[in-house]
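Below is one structure, written out as structure tokens; the observations come after it.
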Amino acid sequence: MKKRSESVFPTKYILFILTFISLACIVLSILYEDFGRPVKNAVATIVIPVQTGMNKAGGWMSGRSDDLKEMREVMSENESLKAEIEALKEENTTLLLNNNKLTELQDLLGLSNQYSTYDKIAASVISKDSSNWFSSFTIDKGSDDGIKTDMNVIGNGGLIGIVTKVGKNYAVVRSIIDDSSNVSAQFSTTGDTCIVEGDLQNINEGILQITNINKDVAVASNDMVVTSNISSKFLPGILIGYVKEVSSDSNNLTKSGYIVPVADFAHISDVLVITELKTQTEGQE
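For the sequence shown, the numbering used here gives the first residue as 66, with consecutive numbering after it.
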């Protein structure tokens, strides 16, 4: 088998030639300033755009890094502000509740002073029936506190109702708006009597019906209606409400009409129980 002839140029010659060329270029560039200018221009044409692009890319990445850092700081500050706002809302709610509670207690104190001749005990509402109105509700005081059946309950500026059931540490109150309630009342201006009838339909309109008014009684709008002396269970002189309107009945012997109760039967939280019982007699409550 014949060997194929190969022409091999020694590597050391290549290195020698390249070294020589390099040294020559260096010497010529030192001796002649313009000699290396084309090479520099060529290199600059390639290198400078690349360097500019790299600088722009580096600046963009640096800017994005700063933006990301700033965004994280803003988000952290936003979370802190949210937490602070929630804390302020909670504090504001607490202050409003405390203010409302204080107002209610101040009203009860004023009511207590108004009926200072009666002994009273304060109680809080702990539950009520399923309707929108406080027609029947439970308070947190009972027989252990001296509460008894038929004790009068006042609040919100006037008469609320009467105790109908008593446990050791609770009592049930039936308010005067309940359908089964009939309160013997009188007009403070004339002393003439009437009956205040509970009605959950009427209370939706913010009124209660008054009946059994003598046809000759002169009744005017806004006249005060209070509990009557002849009431069998309610103590006399407790404010119930104010006359809205009165008209003659079809029999021409009596009148009837409506009053606006002074108490807000949609919102009752604290009451006063008068710990004095009315001497029982026959007749309306």
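In this text, a Cβ means the ideal position worked out from N, Cα and C, and glycines have one as well.
- When only Cα atoms are considered, ILE219 and ILE227 end up about 9 Å apart.
- Here the alpha carbon of TYR78 sits roughly 10 Å from the alpha carbon of PHE85.
- Non-local C-beta neighbours of THR340 in its own chain, meaning closer than 7 Å and more than five positions away in sequence, comprise ASP184, LYS185, ILE186, GLY211, MET216, ordered along the chain.
- With distances taken between CA atoms, LYS233 lies nearest to GLY207 out of GLN251, GLY207, THR255.
- Minimum Cα-Cα distance from THR214 among the listed residues THR203, GLY222, GLY223 corresponds to THR203.
- Burial is judged here by how many other beta carbons sit within 10 angstroms of a residue's own beta carbon; ARG239 has at least 16 and is buried.
- Within the same chain, and ignoring the five residues on either side of THR276 in sequence, the residues whose Cβ sits closer than 8 Å to its Cβ are CYS259, ILE260, GLU262, THR319, SER321.
- Taking the Cα positions, ILE242 is about 40 Å away from GLU151.
- As DSSP reads the structure, LYS185 sits in a beta bridge with ILE339.
- Per the coordinates, the alpha-carbon of LYS193 lies some 21 Å from the alpha-carbon of GLU270.
- When LEU337, LEU80, LEU88, VAL308 are compared, the shortest CA-CA separation from ALA236 is found for LEU337.
- With a minimum length of 3 residues, the unbroken runs of beta strand (DSSP E) contained wholly in the segment 298 to 330 fall at 304 to 313, 319 to 326.
- In the three-state DSSP reduction, ILE278 falls in the strand class (E or B).
- Within a 10 Å sphere around the beta-carbon of GLU350 sit 16 or more other beta-carbons, which makes this residue buried.
- For LYS230 against LEU300, the beta-carbon gap comes to about 20 Å, at or over 8 Å, which does not count as contact.
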